[in-house]
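In the working numbering, the protein residues as written are 188 to 1090.
Virtual Cβ for every residue (Gly too), placed ideally from N, Cα, C.
Notes to accompany the following structure.
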């Protein structure tokens, strides 16, 4: 038997070794999410997604993972979606936070912060969903809260300060009921307390948040300060007066009744209360009254007494005076039914109320006296500082309001009121005069405005059919200016006149407004035409000009508002300007494309500019010739090429200058451009084929017996240029070219026109070169003249400048004569030679030699065959050089040679 594990080779059973399982491909996002897409279960996938979300991935990655995962596992994708929603909410909250942060910063930056606005900001921000717990809103919230807390604390301190002022006033009032020595002992402590109170009040008003407190607190603090200072200013002089009265028996007693009684007792005088009691007769025994009536009377008196004590304790002077009057009236009715203790209590309360009334009356009188002084000073101001009517009226109103306030704090003072009223009435005369003037002017202004309205109406009827819109517009503007400058009238009167004016001016402007509407329609039509012309492929200049003329005619005929007209003009001009700009751009584009000839000219111009900087006249002239050769064109450039090549062969050893190099480049490029005329292989220019001369009629050809090739003998009636001796006319060169009417050679080819850049470059280079040559010539002339004078002074012929340095005016023979004159010893007189030189140069002669010059001129008139000084100035200069040198002669010689050598 075969073994159990043996198997036939032909068996269909699978082999023992199975094939390896096929590996599953991983998702591209597995590496990003930590294998979330290849997880076996949903819980494992969700766990891996949570771990990946803990790494704070980017929003783009979150979006990509959610897009892939939402189709596979919605439960695992829920966490990704929640993270995306959270990011969106965060972005929205950032925008809201930025908005409310700007509002908070605006509140904090404002100089005055309203507490209601600050609280409303916090409330509204919370309603809008702003993240107040996160930065920057959390910090701004704290800052706003601190600012509000500071303002509320400031308001609370104002209330505390007000109570402190009341307590200080009460302390002063209590001291006024005690001995004056106690008041004097407490004076320094009170002074320190009052000063400290004023410092604290000043700190409150100087706080940066003071402008943000509510409007009712500053007046409270100011009223407390005023009341305290009034009581304090009355208390100090009273204490000082009491101390003076105690030291001197002749001194007046203080106005405080308690202190005055104490001082009288100290002086041995009777007290006012005791004297009054002694003066009263002894009152008999009171009859017994009904207990019920007595109880009612005591109840009424106690109520009146309680009211008086309350008003006195609160320091209300005017109210306490009224309460005291009411108590006295009650005492008149029920005084006989009260007992003795209550009576004493009533008298004590009345005394305290009287003291308070006295204090307040005194302080109120101080304020009234100041107001009287201010009212009297209104008419006593220095010259040039008098108040005007309006200012005087406002000042009087303020003074009367202050007087009313002083009356509310104490009993009236009729004497001071009379003075105050008289001063105010005297000052009010200024106000009355001002008011009369205002009324008169208002009446005049009203009449003028009514007349203007009637004038406008009449003008509108007169010019209703007029077509001069510019004149109508100008007249309407003038009417408007006159109305604005019509003077001041009251608001009520102006409200009456303004509708009349508007009605009249609208009726007058109606024809112009209709014309302007029609003109606007026409202008819009022309704007449409301009747009069509600008959009056309070919710009029609004649149509543009005609359209512009129509626009100008319309603008001159019907005026519009300046701004509106400018806008219409801009809209009309814009398409045409754009069309012209396109045309200019095309032209500039064509111009900027430099041709070969332009480049040659530019290079020659640059070479000439570079040569100008060297200061070598020879090189500058060579560069100028090269530039002119480049400018001449193609045929001329070819000739320059040939001559340049011939010169190069003759002077191989000579260094080539930059200008010649440029000329060769210019000639080469020009020759390349004109290859038709100049072949590149030709070393010399090709002579052009002679053109057949056209047959031209010559005067006298058709006469019988005359030869056409024989010129006619000139007669007497010939042209002014003909000669009588038959030697031909003086314009032989012109006859050689064919005579006046003969054939002329054809014009040379000039080549294409230069571009703007090349033309400007060559023109500037030429101008700079000419200036450089002039400068070099002037410099050389001055140096040569200086060398000549130096050679004359030293009589050294070796120092004499060369002929080239002296210039073309001095020939070689003249220089030789000068050199011979300098070589010989000084001899002869140069006076006549100098005069002849000055006559030749037409230079001025010194004053002392003018007579000699006139004499020499007369002599020369008699010498008809002698050469003129202008012909012999070289020999005359030699005579001067042969003579002795002196400063005056040297100066005269220099002046004349400066002119003669330059001619």
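Next on the checklist: With a threshold of 8 Å between beta carbons, is residue 411 in contact with chain C?
Outcome noted: Note that chain C does not occur in the displayed structure, where there is just one protein chain.
Checklist entry - Terminal residues of the continuous alpha helix (DSSP H) containing residue 718? => result Here the alpha helix (DSSP H) through residue 718 covers 678 to 722.
Next on the checklist: Tell me the DSSP secondary structure of residue 234 in three-state form.
Outcome noted: Assigned with DSSP and collapsed to three states, residue 234 falls in helix.
Checklist entry - With burial defined as no fewer than 16 other Cβ atoms inside 10 Å of the residue's Cβ, what is the status of residue 238: buried or exposed? => result Its Cβ having fewer than 16 others within 10 Å, residue 238 is exposed.
Item to check | Boundaries (first-last residue) of the alpha helix (DSSP H) holding residue 798 | outcome: For residue 798, the enclosing alpha helix (DSSP H) begins and ends at 783 to 801.
Next on the checklist: With H, G and I counted as helix, E and B as strand and the rest as coil, what does DSSP make of residue 809?
Outcome noted: Of the three classes helix, strand and coil, the one that applies to residue 809 here is helix, per DSSP.
Checklist entry - Should residue 266 and residue 233 be called a contact, given that it needs their Cβ atoms to be closer than 8 Å? => result Yes, the Cβ-Cβ distance between residue 266 and residue 233 is below 8 Å.
Checklist entry - So what does DSSP say about residue 257, is it helix, strand or coil? => result Reduced to three states, the DSSP call for residue 257 is coil.
Item to check | Contiguous beta strand (DSSP E) assignments of at least 3 residues, all confined to the stretch 982 to 1041 | outcome: Listed in chain order, there is nothing to give.
Item to check | Distance CB(residue 244)-CB(residue 398) smaller than 8 Å | outcome: Their beta carbons are not under 8 Å apart, which means residue 244 does not touch residue 398 by this criterion.
Item to check | C-alpha gap between residue 560 and residue 328, whole angstroms | outcome: Taking the straight line from one Cα to the other gives about 54 Å.
Checklist entry - Apart from the five residues on each side of it in sequence, which residues of its chain come closer than 8 Å, Cβ to Cβ, to residue 385? => result Exclusion of the five residues before and after residue 385 leaves 412 as the residues of its chain whose Cβ lies within less than 8 Å of its Cβ.
Item to check | Of the listed residues 497, 1019 and 646, nearest to residue 1062 (C-alpha basis) | outcome: For residue 1062, the closest C-alpha among the options 497, 1019 and 646 is that of 1019.
Checklist entry - Do you know how far the Cα of residue 500 is from the Cα of residue 611? => result If I take the Cα positions, the gap works out to 37 Å.
Checklist entry - If residue 317 and residue 326 are in contact, beta carbons under 8 Å, what's the gap, nearest whole angstrom? => result Your pair residue 317 and residue 326 does not check out as a contact, with CB atoms roughly 13 Å apart and the cut at 8 Å.
Next on the checklist: Let's test the definition: count the other Cβ atoms within 10 Å of the Cβ of residue 1095 and tell me whether it reaches 16, buried, or not, exposed.
Outcome noted: Any question about residue 1095 goes unanswered here, given that the chain covers just 188 to 1090.
Item to check | Beta-carbon contacts of residue 706 that lie in its chain and below 8 Å, excluding the five residues immediately before and after | outcome: Excluding sequence neighbours, residue 706 sits near 741, 744, 745 and 747.
Checklist entry - For the stretch 1050 to 1067 against the stretch 1009 to 1024, are there 3 or more C-beta pairs whose distance is under 8 Å? => result Counting Cβ pairs under 8 Å, three or more are found: they touch.
Next on the checklist: Quick check: the stretch 376 to 384 against the stretch 440 to 448, are at least 3 beta-carbon pairs closer than 8 Å?
Outcome noted: No, they do not touch.
Next on the checklist: Under 8 Å, with one C-beta from each stretch per pair, do the stretch 1067 to 1077 and the stretch 969 to 983 reach the 3-pair mark?
Outcome noted: Cβ pair count under 8 Å is three or more, so yes.
Item to check | Nearest-angstrom Cα separation, counted from residue 1059 out to residue 994 | outcome: Rounded to whole angstroms, residue 994 to residue 1059 spans 17 Å at the Cα level.
Next on the checklist: Distance check for residue 651 and residue 715, CA to CA, integer angstroms please.
Outcome noted: Each residue's Cα considered, the two are about 32 Å apart.
Next on the checklist: For residue 680, which residues in the same chain have their Cβ closer than 8 Å to its Cβ, ignoring the five residues on either side in sequence?
Outcome noted: Hits under 8 Å: 629 and 633.
Item to check | Of the residues 642, 581 and 373, the one placed nearest residue 621, counting alpha carbons only | outcome: Taking only the C-alpha atoms, the option nearest residue 621 is 581.
Item to check | Buried versus exposed call for residue 400 [16 or more other C-beta atoms within 10 Å across all chains shown] | outcome: It is buried - the Cβ of residue 400 has at least 16 other Cβ atoms within 10 Å.
Next on the checklist: Can you tell me whether residue 443 is helix, strand or coil according to DSSP?
Outcome noted: Secondary structure at residue 443: coil, using DSSP grouped into helix, strand and coil.
Next on the checklist: Please classify residue 1056 as buried or exposed, where buried requires at least 16 neighbouring CB atoms within 10 angstroms.
Outcome noted: Counting Cβ neighbours within 10 Å, residue 1056 comes out buried, since at least 16 surround it.
Checklist entry - Does DSSP put residue 365 in a helix, in a strand, or in coil? => result Residue 365 falls in the coil class under three-state DSSP.
Item to check | Cα-Cα separation, residue 796 to residue 1042 | outcome: In this structure, the CA atom of residue 796 is about 54 Å from the CA atom of residue 1042.
Checklist entry - If you check the beta carbons only, do residue 766 and residue 734 fall under 8 Å apart? => result Inclusion of residue 766 and residue 734 in the CB contact set at 8 Å is not warranted, their separation being larger than that value.
Checklist entry - Going by alpha carbons, who is nearest to residue 793 out of 723, 948 and 666? => result Closest in alpha carbon position to residue 793, among 723, 948 and 666, is 948.
Checklist entry - Exposed or buried, residue 675, counting other C-beta atoms within 10 Å across all chains shown (16 or more means buried)? => result Sixteen is the threshold: since fewer than 16 other Cβ atoms of the shown chains lie within 10 Å of the Cβ of residue 675, the residue is exposed.
Checklist entry - Taking all protein chains shown into account, do 16 or more other C-beta atoms lie within 10 angstroms of the C-beta of residue 942, making it buried, or fewer, making it exposed? => result By the neighbour-count criterion, in which a residue is buried when 16 or more other Cβ atoms sit within 10 angstroms of its Cβ, residue 942 is buried.
Checklist entry - How do the stretch 298 to 314 and the stretch 268 to 282 stand: do at least 3 beta-carbon pairs fall below 8 Å, yes or no? => result Between the stretch 298 to 314 and the stretch 268 to 282 there are fewer than three C-beta pairs closer than 8 Å, too few to call the two in contact.
Item to check | Beta-carbon gap between residue 787 and residue 758 smaller than 8 Å | outcome: Contact flag unset, no.
Next on the checklist: Check for me: the alpha helix (DSSP H) holding residue 145 runs from which residue to which?
Outcome noted: Past the boundaries of the shown model lies residue 145; the chain is included only from 188 to 1090, so the question cannot be answered.
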